[in-house]
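Peer 1: In my numbering, the protein residues as written are 118 to 281.
Ideal Cβ positions, reconstructed from N, Cα and C, are used throughout, including at glycine.
This is the structure, below, for whatever I ask next.
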């Protein structure tokens with residue numbers, strides 16, 4: 118979790134999850150930091166296996182890519198709660214930003230846009246199953262590769278028991 122404690126590192130991961138690969142200089146333009154700072158943070162993320170070197174380029178032109186499609190960590194302690202809150206906030210902001218610009222999309226994409234919310238009764242086991250099924254569904258769609266007419270879609274899922 119310490120590797121993710123810096124906002125620049127979270128922004129770098131967000132960016133690398135949205136592109137195939139990018140150099141520190143390209144990342145700097147997106148995350149609003151210097152190329153040298155991004156390079157430092159990318160190397161730190163690589164030590165923890167969150168990112169890896171991409172194909173082609175050397176030195177300053179070395180590209181980086183996300184090493185995994187998702188990040189998991191334990192739910193114990195204040196640090197994990199703070200990190201989870203930050204990750205959730207960042208993801209919700211991405212959804213809000215996409216919805217705010219929805220009017221720029223062609224009508225077919227506007228009709229396809231989805232939002233959903235529910236409160237349901239579940240056991241801990243059922244909540245785990247729900248999360249696993251959601252992840253399986255995402256993996257099924259990720260495995261489809263590039264297709265004509267497809268574009269990047271921000272998908273968010275969060276489920277937590279309410280304290281009694």
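Alpha carbon to alpha carbon, how far is residue 167 from residue 183?
Peer 2: Taking the straight line from one Cα to the other gives about 6 Å.
Peer 1: Using a Cβ-Cβ cutoff of less than 7 Å, which residues in the same chain neighbour residue 186 once the five nearest sequence positions on both sides are dropped?
Peer 2: Within the same chain, residue 186 has close Cβ partners 259.
Peer 1: Determine the closest residue to residue 251 out of 264, 266 and 272, with distance taken between C-alpha atoms.
Peer 2: Closest by alpha carbon: 272.
Peer 1: From 224, 279, 275 and 127, pick the residue whose C-alpha is nearest to that of residue 200; which is it?
Peer 2: Nearest C-alpha to residue 200: 127.
Peer 1: Tell me, which residues are paired with residue 164 by DSSP?
Peer 2: None, per the DSSP bridge assignment.
Peer 1: On the DSSP bridge list, what partners appear for residue 180?
Peer 2: In DSSP, residue 180 forms a bridge with 140.
Peer 1: Please report how far the alpha carbon of residue 232 lies from the alpha carbon of residue 175, in whole angstroms.
Peer 2: Going from the Cα of residue 232 to the Cα of residue 175 covers about 43 Å.
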